[in-house]
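Q:
In our numbering, the protein residues as written are 960 to 1018.
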């Protein structure tokens, strides 16, 4: 994942290690970041469709 820089990994750790009360592995950090990206994508698609309709079905 080229988009997941070391700086972003540190941010994920900073926010999620206190919630898990332990040090996260690199794989866990990647999975959390990937899941957050998917949730944001779904949220933005929902907001877009609410505002503009389902533009993917239009010619």
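All C-beta atoms in this analysis are idealised placements derived from N, C-alpha and C, irrespective of residue type, glycine included.
Got a sec? Which residues, its chain only, sit under 7 Å from residue 963 by beta carbon, not counting five neighbours each side?
A: Contacts found: 989 and 992.
Q: Give the secondary structure of residue 982 by DSSP, where H, G and I count as helix, E and B as strand, and everything else as coil.
A: In the structure shown, residue 982 sits in coil (DSSP, three-state: anything other than H, G, I, E or B).
Q: Just the Cα atoms here: how many angstroms apart are residue 973 and residue 999?
A: So the alpha carbons of these two residues sit roughly 19 Å apart.
Q: Take residue 987 as the anchor and find which of 1007, 1008 and 968 has the nearest alpha-carbon.
A: Out of 1007, 1008 and 968, 968 has the C-alpha closest to the C-alpha of residue 987.
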